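Participant:
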Amino acid sequence: MDSGSQPPSSQPVKRRRITRACDRCHHGSLKCAPGPTPQSCQPCASYGAECKFDRPLKRRGPAARPRTDNVTSQLQRQSPTYSLVMGTGSPWEYVHVADTSVIEYLADQYHQIVYPILLYFHWPSFYADIVARRYLCDRSFYTLTMAICATAATRLSGELPTRIASVIKVKNNSSLSGMFYTACINSLPVLHTDEVEFNFMRAEALLGMLCLEYNNIRGCHAHLHRYLAMCAEIGFNDESQWPPGLTAIEVEERRRLFWQQYHFDVYLATIFGSSIRQRGQTQCQVLYPAEVYDDSDIGETDVHLRGDDHVSFIRGWNFVTDLYRILEHFVQKEHPQSSQQTRRGSLMDKLLSSNTNPDTSNVADILAASQEMYDSLPIELREARPLTGQIHQDRYGFQAINATITLTTLKMVLARTEDRSVNQLCTMAGGFLDELLTIPTAYIRSTSTAMVGPKYFVA
1 MDSGSQPPSS
11 QPVKRRRITR
21 ACDRCHHGSL
31 KCAPGPTPQS
41 CQPCASYGAE
51 CKFDRPLKRR
61 GPAARPRTDN
71 VTSQLQRQSP
81 TYSLVMGTGS
91 PWEYVHVADT
101 SVIEYLADQY
111 HQIVYPILLY
121 FHWPSFYADI
131 VARRYLCDRS
141 FYTLTMAICA
151 TAATRLSGEL
161 PTRIASVIKV
171 KNNSSLSGMF
181 YTACINSLPV
191 LHTDEVEFNF
201 MRAEALLGML
211 CLEYNNIRGC
221 HAHLHRYLAM
231 CAEIGFNDES
241 QWPPGLTAIE
251 VEERRRLFWQ
261 QYHFDVYLAT
271 IFGSSIRQRG
281 QTQCQVLYPA
291 EVYDDSDIGE
301 TDVHLRGDDH
311 VSFIRGWNFV
321 TDLYRILEHF
331 VQKEHPQSSQ
341 QTRRGSLMDK
351 LLSSNTNPDT
361 SNVADILAAS
371 QEMYDSLPIE
381 LREARPLTGQ
391 IHQDRYGFQA
401 INATITLTTL
411 KMVLARTEDR
421 SVNQLCTMAG
431 GFLDELLTIP
441 TAYIRSTSTA
451 MVGPKYFVA
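Position 54 of the sequence shown, counting from 1, maps to 54 under full-length UniProt numbering, and the rest follow consecutively.
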């Protein structure tokens, strides 16, 4: 054998054997594919994360397998109905971030403050999984739980309870949120997966909203794009494409997620001028969520609707969806497609302007109809009463300010479509701000940037 031919054949083998995944891909069980530059792999480049190799070198081989097998069997004995979710190339491994008491505390805070607006869950079944520690052995649920904790941490006001502060090592709520956010990002799989997990969709939705809190609009769009990619893959915009055999709980959770993300999509377009990716009128075959009084009214097989004496806070949430559908049309009108892509006066210009742009000739009628819809809501959904700490009472207040601020945003968008003077617009804005100032400040402190953002838009 020619000895001179050995180095070219052996060198690539040796190079493959010593290749290591970066820290982020290692923790998230991701395929550490080469990136656009030598300094970053593809997953890190996609997320804009720093590509690091700071973890210590460890001896590879079968020696570590018995320990992993013992941990796996222990977790499966604790929760026999859940199995480990396989990542790319190797099984996913649970990464400890915080004590169980911290996770349960933050989940409870989410329920109190965030859940009345971000209705991603059937809370009784979701919280039962939290208590059962499903996140220990289910990758997608772990990712979702980390997103919940990161979101809840941004809404905390004041000091943490002593029992919680004693088991965490962060200086402030922002650091606490960032800790869970990092864990969530590290556990996300690469986008190209064999099967779309519903919990990953919900996690991406929460992360997009969370990026608003971080003032990271680019992150909002990145997570929304990943969510929409999964939607496109499974036909999420059409209920007939959903998996057969879903329970009533699973159907309602999907409806809530779909329309909440529609809110978010139109919100970004209205406030930040981005494109609307989902069309509520022409591309959606998804029903509104059932207007139940409480999530306990949703069972495995049916949904129980109580009488008029039990006002559903979801009625206010569905009203906000109606407002966003109106906003979709008028945001599109403000940025007509034909203005940039066709010659003015051409046949294409006439076709697009007549078929894609809504008729805004009678803005006054639309304003009147929107106000009439608002006035027909129960008083609980129109007046935000002081916070009581009781979720069944406070959720009405959160929906009341949600409806008030969204209606205010709609009025300002409609006003811009009319020929009004600067003085008239300033007078309108002043009146709207006076309305917003009637909202109890406790709600403003507790709620999100997505809720307060339209105030700056109005100004």
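For every residue, glycine included, the Cβ atom is placed at its ideal position computed from N, Cα and C. Predicted model, so just to flag it, every value in this text is computed and none were measured.
(1) Is it true that the CB of Ala205 sits closer than 7 Å to the CB of Tyr227?
(2) Starting from Gly35, trace the beta strand (DSSP E) in both directions and tell me its first and last residue.
(3) Which partner residues of Asp238 appear in the DSSP bridge assignment?
(4) Mapping DSSP to helix, strand and coil, what is Val292?
(5) Locate the alpha helix (DSSP H) running through Tyr127, then write down its first and last residues.
(6) Taking just the CA atoms, how far does Trp242 sit from Tyr293?
(7) Does Asn186 pass the burial test, meaning 16 or more other C-beta atoms within 10 Å, or should it be called exposed?
(8) Use the C-beta contact count for His122: other C-beta atoms within 10 angstroms, 16 or more gives buried, fewer gives exposed.
(9) Roughly how many whole angstroms lie between the Cα atoms of Arg306 and Leu119?
(10) Just to confirm, is the Cβ distance from Cys211 to Cys220 under 7 Å?
(11) If you compare alpha carbons, which of His26, Ala152, Ile314 and Ser125 is closest to Ala107?
(12) Taking the Cβ atom as the reference point for each residue, do Val266 and Glu197 lie within a distance shorter than 7 Å?
(13) Take the Cβ of Val13 as the centre, count every other Cβ of all protein chains shown within 10 Å, and call the residue buried at 16 or more, exposed below.
(14) If you check the beta carbons only, do Glu213 and Thr154 fall under 7 Å apart?
(15) Can you tell me whether Ile298 is helix, strand or coil according to DSSP?
(16) Where do the N-terminal and C-terminal ends of the alpha helix (DSSP H) with His111 fall, by residue?
(17) On the CB-based measure, 16 or more other CB atoms within 10 Å of its CB, does Asn402 come out buried or exposed?
(18) Let me know the beta strand (DSSP E) ranges lying completely inside the segment 177 to 258, each 3 residues or longer, listed in chain order.
(19) DSSP state of Asp41, grouped into three classes?
(20) Here's a check: name, in chain order, each residue in its chain whose Cβ is nearer than 7 Å to the Cβ of Ala150, leaving out the five neighbours to either side.
(21) Count the other CB atoms, across all protein chains shown, that sit within 10 Å of the CB of His310; report buried if there are 16 or more and exposed otherwise.
(22) Are there 16 or more other CB atoms within 10 angstroms of the CB of Ser370, so buried, or fewer, so exposed?
(23) Locate the alpha helix (DSSP H) running through residue 482, then write down its first and last residues.
(24) Could you check if Ala269 is buried or exposed, using at least 16 other CB atoms within 10 Å of its CB as the buried criterion?
(25) I need the straight-line Cα distance from Pro440 to Ile405, nearest angstrom please.
(26) Mind checking which residues open and close the alpha helix (DSSP H) that includes Tyr142?
(27) Of all the options Tyr288, Pro116, Ala132 and Ile113, which has the alpha carbon lying nearest to the alpha carbon of Ser101?
(28) So the candidates are Glu252, Thr408, Asp322 and Asp295; which of them puts its Cα closest to the Cα of Leu433?
(29) Which same chain residues end up closer than 6 Å to Cys32 when comparing Cβ atoms and leaving out the 5 residues on each side of it in sequence?
(30) Hey, quick one: how far does the alpha helix (DSSP H) through Leu118 stretch, first residue to last?
Facilitator: Taking the structure as given:
(1) As a working note, residue 227 is residue 227 in the sequence shown. As a working note, residue 205 is residue 205 in the sequence shown. In this structure, Ala205 lies closer than 7 Å to Tyr227 by Cβ.
(2) Locating residue 35 in the sequence shown gives position 35, counting from the first residue. Unbroken beta strand (DSSP E) run through Gly35: Pro34 to Thr37.
(3) What you label residue 238 is simply residue 238 of the sequence shown in a count that begins at 1. Partner(s): Gln285.
(4) Reading the sequence shown from its first residue, position 292 is the one you call residue 292. Three-state result, Val292: coil.
(5) Taking the sequence shown and counting its residues from 1, the one referred to as residue 127 is at position 127. Run containing Tyr127: Trp123 to Val131, per the alpha helix (DSSP H) assignment.
(6) The count along the sequence shown starts at 1 and reaches residue 293 at position 293. The count along the sequence shown starts at 1 and reaches residue 242 at position 242. One C-alpha to the other measures close to 26 Å.
(7) Position 186 of the sequence shown holds residue 186. Buried.
(8) To locate residue 122, count along the sequence shown from 1; it is residue 122. So His122 counts as buried.
(9) Within the sequence shown, residue 306 is the residue found at index 306, counting from 1. Within the sequence shown, residue 119 is the residue found at index 119, counting from 1. Taking the straight line joining both Cα atoms gives about 19 Å.
(10) For the purposes of this step, residue 211 is identified with residue 211 of the sequence shown, where counting begins at 1. For the purposes of this step, residue 220 is identified with residue 220 of the sequence shown, where counting begins at 1. Closer than 7 Å, so yes.
(11) Counting from 1 along the sequence shown, the entry for residue 107 is found at position 107. Taking only the C-alpha atoms, the option nearest Ala107 is Ala152.
(12) Taking the sequence shown and counting its residues from 1, one reaches residue 266 at position 266. Taking the sequence shown and counting its residues from 1, one reaches residue 197 at position 197. Going by C-beta atoms, Val266 is not nearer than 7 Å to Glu197.
(13) Counted from its first residue, the sequence shown places residue 13 at position 13. Low per-residue confidence applies at Val13: pLDDT is 44, beneath 50, and the placement is therefore not dependable enough to give any value.
(14) For the purposes of this step, residue 213 is taken as the residue at position 213 of the sequence shown. For the purposes of this step, residue 154 is taken as the residue at position 154 of the sequence shown. In contact: Glu213 and Thr154 (Cβ atoms closer than 7 Å).
(15) Within the sequence shown, numbered from 1, the residue matching residue 298 stands at position 298. If DSSP states are grouped into helix, strand and coil, Ile298 belongs with the strands.
(16) Against the sequence shown, residue 111 aligns to sequence position 111. Taken as a continuous stretch (DSSP letters only), His111 belongs to no alpha helix (DSSP H), as it is neither H nor E.
(17) Along the sequence shown, read from residue 1 onward, the residue named residue 402 stands at position 402. Buried is the call here.
(18) none
(19) Here the question's residue 41 lines up with position 41 in the sequence shown. In the sequence on display, residue 41 carries Cys and not Asp. Strand.
(20) Locating residue 150 in the sequence shown gives position 150, counting from the first residue. Answer for Ala150: Ser177, Phe180, Tyr181, Cys184 and Leu210, listed in chain order.
(21) Along the sequence shown, one-based indexing puts residue 310 at 310. By the neighbour-count rule (16 or more Cβ atoms within 10 Å), His310 is not buried but exposed.
(22) Position 370 of the sequence shown, counted from the start, is the residue given in the question as residue 370. Classification of Ser370: buried, given that the 10 Å Cβ count is 16 or more.
(23) In the structure displayed, the chain extends from 1 to 459; residue 482 sits before or after that span and is not available.
(24) Here the question's residue 269 lines up with position 269 in the sequence shown. Its Cβ being crowded by 16 or more others within 10 Å, Ala269 is buried.
(25) Position 440 of the sequence shown, counting from 1, holds the residue named residue 440. Position 405 of the sequence shown, counting from 1, holds the residue named residue 405. Spanning the two alpha carbons is a distance of roughly 13 Å.
(26) One-based indexing of the sequence shown puts residue 142 at position 142. Its alpha helix (DSSP H) spans residues Arg139 to Arg155.
(27) If you number the sequence shown from 1, residue 101 lands on position 101. Out of Tyr288, Pro116, Ala132 and Ile113, Ala132 has the C-alpha closest to the C-alpha of Ser101.
(28) Within the sequence shown, numbered from 1, the residue matching residue 433 stands at position 433. The candidate whose alpha carbon is nearest that of Leu433 is Thr408.
(29) One-based indexing of the sequence shown puts residue 32 at position 32. Same-chain partners within the cutoff: Ala21, Cys22, Cys25 and Cys41.
(30) Sequence index remark: in the sequence shown, residue 118 carries index 118 (1-based). It is not in any alpha helix (DSSP H) - Leu118 carries neither H nor E in the DSSP assignment.
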